[in-house]
Every structure is written in C-alpha cells, then in structure tokens.
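Undergrad: Following my numbering, the numbering of the sequence shown begins with 158 at its first residue and continues without gaps. A virtual CB, placed ideally from N, CA and C, is assigned to each residue, including glycine. In this text, all values refer to a predicted model and were calculated from it rather than measured experimentally. Quick one: the structure is below, questions incoming.
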Amino acid sequence: MTGKNVKRVAVFISGRGSNLEALIAASKVRDCPYRIVAVLSDNSEADGLELAARGNIETFAIPRSDFGSRSEHEAAVLNALNAIEPDIVCLAGYMRLLSADFVGQWKGRILNIHPSLLPNLPGLETHKRALSLGMRIHGCTVHFVSEGMDDGPIIGQAAVVVRTDDDEDVLAARVLKAEHRLYPEMLRLVATDRIRMSSGGATIFDDASAPDCDDIVLISPVPLKR
Ligand code: GAR
Numbered sequence: 158m159t160g161k162n163v164k165r166v167a168v169f170i171s172g173r174g175s176n177l178e179a180l181i182a183a184s185k186v187r188d189c190p191y192r193i194v195a196v197l198s199d200n201s202e203a204d205g206l207e208l209a210a211r212g213n214i215e216t217f218a219i220p221r222s223d224f225g226s227r228s229e230h231e232a233a234v235l236n237a238l239n240a241i242e243p244d245i246v247c248l249a250g251y252m253r254l255l256s257a258d259f260v261g262q263w264k265g266r267i268l269n270i271h272p273s274l275l276p277n278l279p280g281l282e283t284h285k286r287a288l289s290l291g292m293r294i295h296g297c298t299v300h301f302v303s304e305g306m307d308d309g310p311i312i313g314q315a316a317v318v319v320r321t322d323d324d325e326d327v328l329a330a331r332v333l334k335a336e337h338r339l340y341p342e343m344l345r346l347v348a349t350d351r352i353r354m355s356s357g358g359a360t361i362f363d364d365a366s367a368p369d370c371d372d373i374v375l376i377s378p379v380p381l382k383r
C-alpha cells in the first residue's frame with residue numbers, strides 16, 4: 158500500500174477508547190490501508206485522548222460545556238474536522254448525536270460501532286436489554302452513519318452467543334472483544350473501497366459473494382439431543 162493510497166482517519170471518542178486502541182493497533186500492521194491522524198473528543202477527561210497523545214496522534218478536546226448550544230458545539234467540531242481533512246471519520250464510543258447537516262456534509266464517510274446487532278437494540282444498556290429479552294445471540298455492528306441514532310447502512314456484524322450464566326458485565330466484555338476484532342476489519346473494507354454507502358444502503362464491490370462463515374448456526378439454551 159503506497160502512502161498516497163493510505164486513508165486518513167479521524168476517530169471521535171467520549172471515554173475509555175478501547176475501540177480506538179484496537180484501531181490504532183491494527184493500523185500499525187504492515188500494508189494497513191488507513192492511518193489514524195487525529196482523535197477528537199467532547200470530553201477533555203477521556204482516557205482515549207491520553208492514549209492517542211502517547212501514540213503521537215493529534216488530539217482535539219472540544220467539551221460540550223464550553224459552548225452555549227448544541228449547534229455551536231457541533232460547529233466547532235466541524236471546524237476541527239475540516240482542518241484535519243480526514244478521508245474517513247470513525248465514531249468509537251462518541252456519545253453524541255450528529256445533526257442531519259453534519260452527517261450530510263460527511264455523507265458516506267462516517268462509520269460507527271454499536272454494541273448490538275442493529276437494528277435491534279439501538280441506544281444505551283444494550284447488554285442488559287439483550288439479557289432481559291432472553292436473546293440467544295447478541296453482538297455488535299459497524300455501520301455507515303445516517304441521521305438517526307445508531308442508524309445507517311450496515312457494513313458488518315459480529316455475533317456473540319449469549320450463555321445462560323452470563324451477567325451484564327460478562328456479556329459486555331465478550332461483545333467488546335468482538336468489537337475490537339470487527340471495527341478494524343470493517344474500516345479496512347471501507348478504506349480499500351470494497352464497500353461504499355449508496356442510496357440503497359451499502360454497495361459491495363468484491364468478487365466473492367458468500368460471507369466468510371457458516372450459513373446457519375443454531376443457538377440453543379440447552380444442548381440439543383442428537
Ligand atoms: C463501545 O462498546 C461502543 O460500541 C459503544 O460505546 C463503547 C465505547 O467503548 N458505542 C455506542 O454505544 C454507540 N451507540 P470504548 O470507548 O472502550 O471504545
């Protein structure tokens with residue numbers, strides 16, 4: 158991958174930054190088609206900012222509390238983004254809804270990761286809700302961002318089996334591990350133009366049509382009798 162083909166990625170975070178860490182780690186691998194050029198946060202205390210600074214990545218702390226209104230805050234975020242000039246923006250635990258105007262300006266170039274198999278369980282407390290609904294399969298989704306919350310054409314998903322003895326923390330940890338595998342892989346697909354957002358959803362540009370896994374997996378709460 159020549160330098161000119163390597164996509165510039167800005168990552169937006171609000172807190173811990175473990176997905177950011179996974180994206181940075183994957184970007185260090187030889188021939189990675191993207192590099193993280195900036196990390197932006199609405200929370201100046203976000204652990205992920207420190208992590209980025211340690212990796213010599215430019216950081217921008219733009220707290221919401223510094224601005225009188227949501228739109229003023231977003232204008233400052235947009236200004237910073239236009240100065241960074243990334244090819245792709247990755248939301249990685251950025252807990253703020255972007256306006257239709259913002260999304261429109263960066264259409265098809267913003268990705269998000271969410272800890273559920275969308276369109277199931279958008280919003281918060283996804284693991285708790287998955288458990289109380291008795292879901293046997295849970296997981297995470299990487300998608301292109303559109304105007305709604307946790308909404309937009311799906312790029313890829315990782316399924317996580319829910320175990321009968323799972324509690325919220327145990328399940329959350331397993332889904333997070335899946336997120337760390339899924340996000341770099343899906344970003345790689347976008348960075349190499351193998352999938353793009355289109356009016357009908359997401360268009361895939363690749364020779365292979367079959368997914369890279371078994372077609373059917375049965376998940377039973379108890380072992381199935383043979
Ligand atoms: C991740 O689980 C991510 O999927 C979620 O926030 C967490 C951030 O963790 N995002 C959403 O819920 C978006 N709706 P991290 O800061 O350790 O990456």
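1. With a 10 Å radius around its C-beta and 16 neighbouring C-beta atoms as the bar for buried, classify residue 321 as buried or exposed.
2. Would you be able to state if there are at least three C-beta pairs under 8 Å between the stretch 348 to 358 and the stretch 326 to 340?
3. Do residue 248 and residue 269 have their CB atoms nearer than 8 Å?
4. Can you tell me whether residue 198 is buried or exposed? The criterion is at least 16 other CB atoms within 10 Å of its CB, across all chains shown.
5. Rounded to the nearest angstrom, how far is the Cβ of residue 233 from that of residue 219, given a contact under 8 Å?
6. On a Cα-Cα basis, can you pick out the residue from 167, 292 and 327 that is closest to residue 238?
7. So, using beta-carbon positions, are residue 229 and residue 208 closer together than 8 Å?
8. With a cut-off of 8 Å on the beta carbons, I'd call residue 378 and residue 293 a contact; round off their distance for me.
9. Does the distance between the C-beta of residue 181 and the nearest non-hydrogen atom of the ligand GAR fall short of 7 Å?
10. DSSP on residue 269, reduced to helix/strand/coil?
11. Under a Cβ-count criterion, where at least 16 other Cβ atoms within 10 Å of its own Cβ denotes burial, should residue 161 be classed as buried or exposed?
12. For residue 303, I'd like the list of residues in its chain whose CB is within less than 8 Å of its CB, leaving aside the five on either flank, ordered along the chain.
13. Have a look at 267, 329, 325 and 375 and flag the residue whose alpha-carbon is nearest the alpha-carbon of residue 343.
14. Take the Cβ of residue 356 as the centre, count every other Cβ of all protein chains shown within 10 Å, and call the residue buried at 16 or more, exposed below.
15. What is the DSSP secondary structure of residue 215, counted as helix, strand or coil?
TA: Let me spell this out:
1. Along the sequence shown, read from residue 1 onward, the residue named residue 321 stands at position 164. The residue is exposed, with fewer than 16 neighbouring Cβ atoms inside 10 Å.
2. no
3. In the sequence shown, the residue the question calls residue 248 occupies position 91. In the sequence shown, the residue the question calls residue 269 occupies position 112. Yes; because the gap between Cβ atoms is below 8 Å, this pair is in contact.
4. Here residue 198 refers to the residue found at position 41 when the sequence shown is read from its first residue. Counting Cβ neighbours within 10 Å, residue 198 comes out buried, since at least 16 surround it.
5. Locating residue 233 in the sequence shown gives position 76, where the first residue counts as 1. Locating residue 219 in the sequence shown gives position 62, where the first residue counts as 1. About 5 Å; that satisfies the 8 Å criterion.
6. For the purposes of this step, residue 238 is taken as the residue at position 81 of the sequence shown. For residue 238, the closest of 167, 292 and 327 by C-alpha to C-alpha distance is 167.
7. Along the sequence shown, read from residue 1 onward, the residue named residue 229 stands at position 72. Along the sequence shown, read from residue 1 onward, the residue named residue 208 stands at position 51. No, Cβ-Cβ distance for residue 229 and residue 208 is not below 8 Å.
8. As a first step, residue 378 must be located in the sequence shown, where it is residue number 221. As a first step, residue 293 must be located in the sequence shown, where it is residue number 136. Correct: roughly 7 Å between the Cβ atoms.
9. As a working note, residue 181 is residue 24 in the sequence shown. No; taking the cut-off as 7 Å, the Cβ of residue 181 has no heavy atom of the ligand GAR nearer than that.
10. For the purposes of this step, residue 269 is taken as residue 112 along the sequence shown, with counting starting at 1. Looking at residue 269 - three-state DSSP - the assignment turns out to be strand.
11. Numbered from 1 along the sequence shown, position 4 holds the residue referred to as residue 161. Residue 161 is exposed by the Cβ-count criterion.
12. Working through the sequence shown from its first residue, we reach residue 303 at position 146. Result list for residue 303: 260, 309 and 310, in chain order.
13. Here residue 343 is taken as the residue at index 186 of the sequence shown, counted from 1. The option with the nearest alpha carbon to residue 343 is 267.
14. Start at 1 with the first residue of the sequence shown, and residue 356 comes out as number 199. The residue in question, residue 356, is exposed, as its Cβ has fewer than 16 Cβ neighbours within 10 Å.
15. Counting from 1 along the sequence shown, the entry for residue 215 is found at position 58. Of the three classes helix, strand and coil, the one that applies to residue 215 here is strand, per DSSP.
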